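Student: Input: one structure, supplied below.
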Amino acid sequence: MGAPINSITIVGGGTAGWLTALLLQSYFHRTATGDTGKTITLIESPNIPTVGVGEATVPGMPRTLRTAGLSEQEFFKTCNASFKLGVLFANWNVDQAGKQIDYVNPFAGPGVINGIEHGYYYLQYGADGQDFTQVFCPQTDLARAFKGPRALGEKPYTMKVGHAYHLDAGKFANMARDICVARGVRHIREDVVHVEQDERGYVSALQLDQSGRHEVELVIDCTGFRGVIINEVMKEPFISYSKYLANDRALAVQIPHPDPTKIPSMTRSYALGAGWSWRVPLFNRIGTGYVYSSAHRTDEEARDEFVAHLGDTWNGVEPRVIPMRVGRNENAWVKNVIAVGLSGGFIEPLESTAIHMIDTAVRWLATYFPDSDYPEPLRRHYNKLVGSLYDEVRDFICLHYALGNRTDSQYWIDARTELEIPDSLAENLEVWQHALPGAYDLRFDSLFSYGTYQAVLLGKRVYETGFAAPGFMKNLHLRQDLWQGHLQKARAMTNSLVSEMADHHTLLRELRGEDVQPKPAAPNFAMAQPTVGMPGGPLPQIKVAPAPAPAVAADDDDGASLL
Ligand SMILES: Cc1cc2nc3c(=O)[nH]c(=O)nc-3n(C[C@H](O)[C@H](O)[C@H](O)COP(=O)(O)OP(=O)(O)OC[C@H]3O[C@@H](n4cnc5c(N)ncnc54)[C@H](O)[C@@H]3O)c2cc1C
């Protein structure tokens, strides 16, 4: 039996490096069994910048922050964070009349009436002009009204309406760094210039440009797209997803809010001529960019198209170009090296999944943490889990393109006709021509629930534009009276929530500690509960004991103080 691993070295100080350090530190130093004595060192280059984007998250993020013992108020203030209630996809499809349409992926899932999915009733009877998501959750209405997911005066981390966050990526990494360092993580700001391997090919030491040799046990490679250790040293093959996904470059820029008191509570994704433009509203600014295919646009063409799209909202700051390596390593864990973050893989950020994947990878690492023998079954299992997570996210992103029906640019035609559809998705698409996505079609711990797939299919109106097989819905007995009753109840609950929930801007000001008048807390409506499991599958493996002695007084309701 191998000896315990006592030292963990993380290389890279972007979101992946610091989030990994934060979560591992929480796991190894704050578990119910006490401090395990493992040392964590993070080495980051003072010369190589971080990617500097990655500002939208998925609904697992509040859990992540709580796991790490962070104060939600400090997080909002430090990271200029805002709430995210879902993603609005604008102009991705056209309806039967050829008019461009929008759809929403909300952080909630549909239900059933008489054992039959809402979606079938919606297709049969419509919903009095409402979008599909409006029949089962309030997120779309809340976002349209510029509302947040809580009333004023509610406890931090209250989750009445499913939500995630938008955050400033640079400030988030800095906040995680400060907390880690205060909690004992060793921080070295130097370049790794050489990697030493032993006779078995394991990494034995890193050569740093100032202080020289740094011995290692377990190495976590968080060096970004280059994969400095996993790819350049360990030579792990990279599986490109380019045959499935065309976008390989992005432009990114920050712009001001047109009206700083009206902060949208959804991420927006606008389809453009050769890709799509994200818009992530933070408290103090908007992060925006254009993810595009270099086979269809040069950087200059993309820049011009993007600036034209921004119109008056552009502040004249030139967008920077980010080349993207899309795909994943064949194995995330090789010998004593584990790649987390962009060094492990990346899928275009249409569903803002990368931070979640870092979080999940670290949870799995903590669960299957090796000893010095690096047992093969653990490594194999971890690699299988990580590989399937990437493939699952890839499938969901491919869905948006495979079912697109725009014909106004070569890019959109190619996205549908030239790109391959992964077998796993193709099989499901064949099923979904006959039946709506259902609970048995995906892995039980799938990040994207079948309800989310339904929201995309129905939002794109594919069943009205030729996707349905003959016989679709023919066996169903759908009682219109039950559906009308449901619509009335759902509308009443949504209206009630929209009036109870706080204006998003005011709510953010309150969370930042600014002076706003609190109203009494809203009653808890059954409809308002998030109806999908938290992404990331089962409950967190990481157990957190109370935070170490806080530097500032901890808020009883908020888990822990920041430092
Ligand atoms: C256009 C775009 C939009 C995105 N949007 C989202 C989003 O909305 N939501 C989301 O979850 N994710 C998003 N992502 C992904 C997200 O940005 C990344 O997952 C996240 O920032 C983590 O990056 P990283 O830490 O792996 O790499 P990086 O930020 O690139 O950090 C790499 C680190 O490694 C260090 N390093 C490199 N080489 C060495 C060396 N030799 N020695 C020492 N240190 C070294 C660097 O100094 C740096 O600190 C987006 C990505 C892109 C490209």
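Sequential numbering from 8 applies to the sequence shown in the working numbering.
By construction, the Cβ of each residue, glycine as well, lies at the ideal position given by its N, Cα and C atoms.
Values in this document were obtained by computation on a predicted structure and should not be read as measured data.
Would you kindly check if the distance between the Cβ of glycine 323 and the Cβ of tyrosine 299 is under 8 Å?
Tutor: Taking 8 Å as the Cβ cut-off, tyrosine 299 and glycine 323 do not qualify as a contacting pair.
Student: Below 8 Å CB to CB, which residues in the same chain sit around serine 276 once its five sequence neighbours on both sides are set aside?
Tutor: Once the five neighbours on either side are set aside, the close Cβ partners of serine 276 are Val94, Leu95, Phe96, Ala97, Trp99, Trp283, Ser284, Trp285, Arg286 and Leu357.
Student: Does the distance between the C-beta of cysteine 187 and the nearest non-hydrogen atom of ligand 1 fall short of 7 Å?
Tutor: Not under cutoff, so the answer is no.
Student: Is there contact between the region 13 to 31 and the region 223 to 237, where contact requires at least three CB pairs shorter than 8 Å?
Tutor: Contact holds: three or more Cβ-Cβ distances are below 8 Å.
Student: Suppose the cutoff is 8 Å on Cβ atoms and the five residues either side in sequence are ignored; what does the same chain contact list for glutamine 214 look like?
Tutor: Counting only Cβ-Cβ distances below 8 Å, and skipping sequence neighbours, we find Val199, Val200, His201, Val202, Glu203, Arg220 and His221.
Student: Touch check for the region 238 to 247 and the region 49 to 61: three-plus C-beta pairs under 8 Å?
Tutor: Contact between the region 238 to 247 and the region 49 to 61 is absent, because fewer than three Cβ pairs lie under 8 Å.
Student: My output table needs one value for alanine 257: the three-state DSSP class, helix, strand or coil.
Tutor: Three-state result, alanine 257: strand.
Student: I want to know whether the region 492 to 509 touches the region 140 to 154 - three or more CB-CB distances under 8 Å.
Tutor: Yes: at least three Cβ pairs fall under 8 Å.
Student: Can you list, in chain order, the residues of its chain with a C-beta nearer than 6 Å to that of phenylalanine 35? Leave out the 5 residues immediately preceding and following it.
Tutor: Around phenylalanine 35: Thr43 and Lys45.
Student: Is the beta carbon of glycine 219 within less than 7 Å of some heavy atom of ligand 1?
Tutor: No, since every heavy atom of ligand 1 falls outside the 7 Å radius drawn around the Cβ of glycine 219.
Student: Given that a residue counts as buried once 16 or more other Cβ atoms are within 10 Å of its Cβ, and exposed if not, what is leucine 8?
Tutor: Here the sequence assigns methionine to residue 8, which means leucine is not the residue at that position. Methionine 8 should be labelled exposed.
Student: Whole angstroms is fine: what's the gap from leucine 483's alpha carbon to arginine 327's?
Tutor: Computed Cα separation, rounded: 52 Å.
Student: Looking at chain B, is there any beta carbon in it that lies within less than 8 Å of the beta carbon of asparagine 343?
Tutor: The structure shown has no chain B; it contains just one protein chain.
Student: Give every residue of the same chain whose Cβ lies closer than 6 Å to the Cβ of arginine 519, excluding the five residues on either side of it in the sequence, and list them in chain order.
Tutor: Within the same chain, arginine 519 has close Cβ partners Phe83 and Lys84.
Student: Aspartate 402: buried (16+ other C-beta within 10 angstroms of its C-beta) or exposed?
Tutor: Buried is the call here.
Student: Report yes if the C-beta distance between alanine 339 and valine 400 is below 8 Å; otherwise report no.
Tutor: For alanine 339 and valine 400, no; Cβs fall outside 8 Å.
Student: Would you say leucine 29 and isoleucine 186 are within 8 Å of each other, going by their C-beta atoms?
Tutor: Yes, they are a contact pair.
Student: Helix, strand or coil: which one does DSSP assign to glutamate 425?
Tutor: If DSSP states are grouped into helix, strand and coil, glutamate 425 belongs with coil.
Student: Is serine 395 helix, strand or coil by DSSP?
Tutor: Note: serine 395 maps to helix in three-state DSSP.
Student: Mapping DSSP to helix, strand and coil, what is histidine 441?
Tutor: Residue state, collapsed to three classes: coil.
Student: Is proline 113 close to ligand 1? I mean its beta-carbon at under 7 Å from any heavy atom of the ligand.
Tutor: Result no, Cβ not under 7 Å from ligand 1.
Student: With a CB to CB cut of under 6 Å and the five nearest residues on each side skipped, what residues in its chain are close to threonine 16?
Tutor: Thr48, Val223 and Val226, listed in sequence order.
Student: Please state whether DSSP places alanine 63 in a helix, a strand or coil.
Tutor: Note: alanine 63 maps to strand in three-state DSSP.
Student: Less than 8 Å between C-beta atoms, sequence neighbours within five positions excluded: which residues of the same chain meet that for proline 69?
Tutor: Only Glu79, Tyr164, Met166, His170, Ala171 and Tyr172 meet the Cβ criterion.
Student: Check each candidate in Ile236, Gly76 and Phe114 and name the one with the smallest Cα separation from alanine 212.
Tutor: If we check each option's Cα against that of alanine 212, Ile236 comes out closest.
Student: Nearest to alanine 257 by CA position, among Met331, Asp448, Ser218 and Ala189, is which residue?
Tutor: Considering only alpha carbons, the answer is Met331.
Student: Over the uninterrupted beta strand (DSSP E) stretch that includes serine 276, give me the two end residues.
Tutor: Looking at the DSSP string, the run of the beta strand (DSSP E) that includes serine 276 is 274 to 279.
Student: Take the Cβ of alanine 535 as the centre, count every other Cβ of all protein chains shown within 10 Å, and call the residue buried at 16 or more, exposed below.
Tutor: Because alanine 535 carries a pLDDT of 36, less than 50, the predicted location of this residue cannot be relied on, and the following value inherits that uncertainty. Buried.
Student: When we look at the beta-carbon of phenylalanine 441 and count the other beta-carbons within 10 Å, is it buried (16 or more) or exposed?
Tutor: Before going further, note that residue 441 is histidine rather than phenylalanine in the sequence given. It counts as exposed.
Student: For ligand 1, any of its heavy atoms closer than 7 Å to the Cβ of glycine 67?
Tutor: Incorrect: glycine 67 has no Cβ contact closer than 7 Å to ligand 1.
Student: Measuring CA to CA, which of Phe474, Val463 and Phe153 is closest to cysteine 405?
Tutor: That would be Val463, whose Cα lies nearest to the Cα of cysteine 405.
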